[in-house]
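A.B. asks:
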Amino acid sequence: MKKPDALRSLLCVALLAGCTSKPQNQQSSTLRWGGDAEGGAPFVEADPVDPSRVRGFDVEIASMIAHGLGREPVFVQTAWSSLEASAERGDFAVGMSGLEDRKELRQRHSVSLPYFEFREVLAVRTADSARYKKLSDLAHHRVATLGATTAYQILLDAQGSAGVIPVSYDDDIHPYSDLVAGRVDAVLLDHIIAERSLRRTPGFVIQPEPAAVGHYVAVFARADSALRDSADAILRARMRDGSLEKTFRDWKVWDSSQAEHFARVLASPASTSAVKSSLQPAVNATSKPSVVAYLPAFLRAAAITLLLSCLAMALAVSTGMLVAAGRVYGPGIVRVPLTVYVEVMRGTPVLLQLFVIYYGLSSVIRLPAFLAAVIGLGLNYAAYESEIYRAALEAIPRVQLEAARTLGLSEGQILRLVRGPQALRLALAPMTNDFVALLKDSSLVSVITVVELTKQAAIYATNAGSWVVPGILCSLIYLLFSLPLSRYARSLERRWSVTT
Amino acid sequence: MTTALTITGLEVVRGTQQVLRGLDLTVDTGEIVALMGLSGAGKTTVIRAVAALQPFSAGSITLGDVSLKPGPLPPQSRIGPLRARVGMVFQEHALFEHLTVLDNVTLAPVHVRKWSRDRATAAAMQLLESLGVAERAQAYPRQLSGGQAQRVAIARALVLDPQLLLMDEPTSALDPARRVALADTLKQLTEGDRGLLISTHDVDFAEACADRIIKLSDGVIAETQTVA
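Same order as they appear, the protein sequences are chains Z and L. Position one of the first sequence corresponds to residue 890 (my numbering), numbered consecutively onward. Position one of the second sequence corresponds to residue 53 (my numbering), numbered consecutively onward.
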C-alpha cells in the first residue's frame, strides 16, 4: 500500500501504455494482474531469495484467482496510485495491492468482494500513549499517513473537526521513523502496516481503538464484471475451504476479526455490495470529489508551490552567485571544493538529495519538511545557477574589466558595478528557464511530506479516479505561474537589448 | 614644464618573444607624444605597461612619486596612487554598455573618489559639454556614433584629472574630419599640466597633434622626431 509520487505514477502509466496496453484476452492461458512491489510485505514484495519474483498475500490471492480460472498468473508492476486506471485501460485484468474499498471505486470499476478487513489505527510514541488515544486528542499536533488514502481523508476531516495537522508521506516507513524521531506526534494507517512497522521500528505503541474499519478488494475494468464475478466465486470458495485463512495466517495477518468478516461475506448474497464497509462517517466525505470541494486545498497547495519555488530560487541565485564568484576569482583551494560541489549536485538526483537532507541528516539536524525542501531544491539549483553565472561572467570582454581597473575600481567594485550587471543580462534567459524548471521540480518535495500542487492533484485524482480534471486544474495553475514570468523576462530582455 | 612620465630600460617578454628591449622614454606635462611603428612593434605594450595592465620583466615606470617595478602586476588595491595619475582611452572605447553616458563618466568619481553624486554629475557634465557630447548624457553607449563614443571615453578618463592620458589607436574608428577635430581636442587637453602618450598608426594625425613622434621597431626606439 505504498504511494509513489504522482510523477512516477504517471511515468509508469505512460510506460505501460507503450509496452503492455494489450486488452486482457478472456481466452488467454495467463491472467495478468497488477500490483506494486514497492508497497512491500505482507501485500506484495520482491522475493528476497529471487528478486525477479514477488511474494505476499496479494500475490497468493492473485494466484488463487488465476488457478481457479485455469490460468497462470503474470505479475505486472504498476504504481499503487495507478492500479485502478491501469485496470480500466486494460493493462492487466485485475489489480490488487492493499486496494481500499471505496464508494467511488465501485462507481467507476468492477470491484471484488472484500477479501480482508483492516483497521485504521493510531500509533503514538510510547511516552504519549496515555495522552493521545484517539484523533480528537491530537488537536494542533502533526499526524502522519500516506497521501491519497482513506486514512489521509480521515485526517483531512479531523483537521476541520478536531484541529489535527495532517502530514502526507509517499511511503509507509518514514511516518513511523519520524514518529519515533519526534517529527510527528502520531501516525494513522492500516493495522497491518502499523504492526509491521512496530517490528522494524520500536518506540511507539498502537492504540487499540481503531479510527475506522475498511476492506481490501481487487479491482477490474468496469466492463469486466463477468471476470469479477468469477473471481468472487473463487474467493468465496477459498474462504470456505480455509486456503484464504491459511494464506493470511502464513503472513501473520489473521485474527478473530477476519473470521467474523469471512462469516459475514459468506452469509451475504453473492453480490459484493451486500457487504457494507463499516468505515466511519468521516471516510464517506471522500464521496464528493468535486472541483469546488478541492479548490481550497488546491489553492493552498499552489501557494505552497509558489512560496517554496520563490524561496528555493532565491537561495539558488544567491548561493549560485557566490559559487560562481568563488570559481572565477578564488584561488585553487576555493575553486576545487566549489567544483566538487557543483559536480556532485548536478550529477546526483535531486530526489536523492532531498532524502539525504530530510531523512539522512535527521540524526544530526532535524529540519522541518518545508525548510528541508527549500534547502534541497535551492542547493541543487544553485549548482546549475552557478554554472550560468560563471559562463556569463567569463563572457564579459576583458577590455571592460581593464577599463574598470584603469578607473581605480577595486575588484569587488568591478564585480558589483561592471561585470556582474552585464553578466546578469546574459544570464537572464537561462535563469528564467531554471525558475520554470524549479517550479515543476518542486513537485518532488512531496517525498518529504510537503503537499504541494502536483501532490494535491494526485490526491484529488486518486479520489476522483481520473486525472482529467485534476490534471487540467494543476496544469493551469502551473501555467499561471510560469507564463507571466516568461513574459516579464522577455520584456526585460527586449528592454536591455535596446540599451546595450 | 615637469616630467609626467619616465620610462627607463623597459623590457617585456611574452612567451619566448621579447616585445620591448630596454625602452627609455619621457613625457612632459603639456606635451603630446605619439608612439608609431608597425603592428607588433610594441606600441600598445608600452601603453598597457604604463597603465599597469601589462607586467614587465625589467626597467621602471615612474609617474611623479609613484613607480612600477618589474614582476607580476601589483594588486589593484596597491596601485591607487597610480590610477589617480593615469587615465586611459582604449581602442574600442570600452564604455560600460549597461550604463548611460553620464553614469559611465561619474562611476569613478562616485565609487573611487567618493564624491557626492551632484558633484560628480556637475564635473561630468562640464567635461561632456567641453567635448561636445553633453546632449547625449542619458544615452547608452550602443546609441552613440564612433566619434561620440570616443569623446565620452575621453571624458571618463579625464574626469579625475589625471596628469597623464594614455590613448591606444584613437583614430581607428574615425573619419578624416573627426580626426582633425580630435587632434584639436587633444591639443586643448594638454593646455595645462597634463601629458599625453598616444599609440597610433596614423601619420597625418600624429603630425597634426603630437609634439614628438617616437617610432618603435622590434621593441626599441628606431627614431625620434620633434614636430615643428
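Glycine included, C-beta positions come from ideal geometry on N, C-alpha and C. Source: prediction; values computed, not measured.
For the region 1031-1090 of chain Z, which segments carrying the alpha helix (DSSP H) assignment without a break, of at least 4 residues, lie completely within its bounds, in sequence order?
C.D. replies: Within the region 1031-1090 of chain Z, the complete alpha helix (DSSP H) runs of at least 4 residues are 1039-1051, 1063-1070 and 1080-1089.
A.B. asks: Leaving aside the five residues before and after S1167/Z along the sequence, list all residues of the same chain whose C-beta is less than 6 Å from its C-beta, in chain order.
C.D. replies: Model confidence at S1167/Z stands at a pLDDT of 44, short of 50, so the residue's coordinates are unreliable; what they give is reported in the following sentence. Taken in chain order, the residues that qualify are V1102.
A.B. asks: Quick check on this structure: which residue in I265/L, M219/L, T276/L and L212/L has the alpha carbon closest to the alpha carbon of P133/L?
C.D. replies: Looking at the Cα atoms, L212/L is the closest of the given residues.
A.B. asks: In this structure, does DSSP put P962/Z in helix, strand or coil?
C.D. replies: Reduced to three states, the DSSP call for P962/Z is strand.
A.B. asks: Using DSSP with H/G/I as helix, E/B as strand and the rest coil, what is K95/L?
C.D. replies: Three-state DSSP puts K95/L in a helix.
A.B. asks: Pull up the DSSP beta-bridge partners for K267/L, would you.
C.D. replies: Its beta-bridge partners are M88/L and E275/L.
A.B. asks: If V1239/Z and D1118/Z are in contact, beta carbons under 8 Å, what's the gap, nearest whole angstrom?
C.D. replies: About 47 Å; that fails the 8 Å criterion.
A.B. asks: Please list the partners that A1292/Z has in chain L, where partner means a Cβ-to-Cβ separation under 7 Å.
C.D. replies: Within 7 Å Cβ-Cβ: F142 and A146.
A.B. asks: State buried or exposed for Y1377/Z, treating a residue as buried only when at least 16 other CB atoms are found within 10 Å of its CB.
C.D. replies: With fewer than 16 other Cβ atoms within 10 Å, it is exposed.
A.B. asks: By the DSSP assignment, the alpha helix (DSSP H) with L216/L in it spans what residues?
C.D. replies: L216/L -> not in any alpha helix (DSSP H); beta strand (DSSP E) instead, spanning L216 to D220.
A.B. asks: Going by beta carbon distance, what residues of the same chain come within less than 7 Å of I131/L, once the five residues before and after it are set aside?
C.D. replies: Excluding sequence neighbours, I131/L sits near A104.
A.B. asks: Hey, out of L1282/Z, F1005/Z and D1130/Z, whose CA is closest to H1080/Z's CA?
C.D. replies: The residue with the shortest Cα to Cα distance from H1080/Z is F1005/Z.
A.B. asks: Can you tell me whether L1204/Z sits near the ligand FMN, meaning its C-beta is under 7 Å from at least one heavy atom of the ligand?
C.D. replies: As presented, the structure is devoid of all ligands, the ligand FMN included, so that no description of it is given.
A.B. asks: Since T1039/Z meets chain L, which of its residues come closer than 7 Å, beta carbon to beta carbon?
C.D. replies: Within chain L, no residue comes near T1039/Z; the closest Cβ sits about 59 Å away, beyond 7 Å.
A.B. asks: Would you say S1380/Z lies against chain L (beta-carbon separation less than 8 Å)?
C.D. replies: No, no contact with chain L.
A.B. asks: Below 8 Å between beta carbons: does that hold for I1054/Z and R1031/Z?
C.D. replies: Contact flag set, yes.
A.B. asks: Is P1310/Z close to chain L? Criterion is C-beta to C-beta, closer than 8 Å.
C.D. replies: Yes, its Cβ sits closer than 8 Å to a Cβ of chain L.
A.B. asks: Name the DSSP bridge partner or partners of T1136/Z?
C.D. replies: Looking at the DSSP assignment, T1136/Z forms no beta bridge with any residue, so it has no partner.
A.B. asks: Would you kindly work out how many angstroms separate the C-alpha atoms of G1236/Z and Y1065/Z, rounded to a whole number?
C.D. replies: Using only the alpha carbons, I get a separation of about 31 Å.
A.B. asks: Is there contact between the region 1094-1112 of chain Z and the region 994-1011 of chain Z, where contact requires at least three CB pairs shorter than 8 Å?
C.D. replies: Touching, per the Cβ criterion.
A.B. asks: Quick check on DSSP: helix, strand or coil for A110/L?
C.D. replies: Strand, per DSSP.
A.B. asks: Give a yes or no on whether 8 Å exceeds the smallest Cβ distance from E1283/Z to chain L.
C.D. replies: By this cut-off, E1283/Z is not an interface position.
A.B. asks: If distances are taken between C-alpha atoms only, which option among S1380/Z, V1334/Z and I1264/Z comes closest to A1318/Z?
C.D. replies: Nearest of S1380/Z, V1334/Z and I1264/Z to A1318/Z, Cα basis: S1380/Z.
A.B. asks: Which ranges would you report for the alpha helix (DSSP H) in the region 1168-1231 of chain Z if only whole runs of at least 4 residues count?
C.D. replies: Whole alpha helix (DSSP H) segments, 4+ residues: 1170-1173 and 1180-1218.
A.B. asks: Starting from the Cα of L125/L, find the closest Cα among D254/L, V64/L, A189/L and G198/L and give me that residue.
C.D. replies: The residue with the shortest Cα to Cα distance from L125/L is V64/L.
A.B. asks: What are the partner residues of T58/L, as DSSP defines its beta bridges?
C.D. replies: The partner list for T58/L (beta bridge, DSSP) reads T78/L and T114/L.
A.B. asks: Got a sec, what are the start and stop residues for the beta strand (DSSP E) F1151/Z sits in?
C.D. replies: Where F1151/Z is concerned, there is no enclosing beta strand (DSSP E), although the alpha helix (DSSP H) it sits in stretches over S1145 to A1156.
A.B. asks: In chain order, what residues of the same chain lie with their CB nearer than 8 Å to the CB of R960/Z, ignoring the 5 residues before and after it?
C.D. replies: The answer, listed in chain order, is S917, S918, T919 and L920.
A.B. asks: Looking at the secondary structure, which residues open and close the alpha helix (DSSP H) in which I206/L lies?
C.D. replies: First-last of the alpha helix (DSSP H) with I206/L: G198 to L210.
A.B. asks: Just to confirm, is the Cβ distance from A205/L to H145/L under 8 Å?
C.D. replies: For A205/L and H145/L, yes; Cβs fall inside 8 Å.
A.B. asks: Spatial neighbours of D990/Z within its chain, please: CB distance less than 8 Å, with the 5 preceding and 5 following residues excluded, ordered by chain position.
C.D. replies: Same-chain partners within the cutoff: V1000, P1003, G1103, H1104, Y1105, V1106 and S1166.
A.B. asks: Using a Cβ-Cβ cut-off of 8 Å (strictly less than) and excluding sequence neighbours within five positions of Q1242/Z, which residues of its own chain qualify?
C.D. replies: M1234, G1265, L1268 and N1269, listed in sequence order.
A.B. asks: Listing by chain order, which chain Z residues have their CB less than 8 Å from the CB of L105/L?
C.D. replies: Result: E1291, R1294 and T1295.
A.B. asks: Please state whether DSSP places T242/L in a helix, a strand or coil.
C.D. replies: DSSP places T242/L in coil when its eight states are reduced to three.
A.B. asks: Indicate the three-state DSSP secondary structure (helix, strand or coil) for A1115/Z in the structure shown.
C.D. replies: Here A1115/Z sits in helix by DSSP.
A.B. asks: From G67/L to V1223/Z, what does the alpha carbon distance come to, in whole angstroms?
C.D. replies: Computed Cα separation, rounded: 28 Å.
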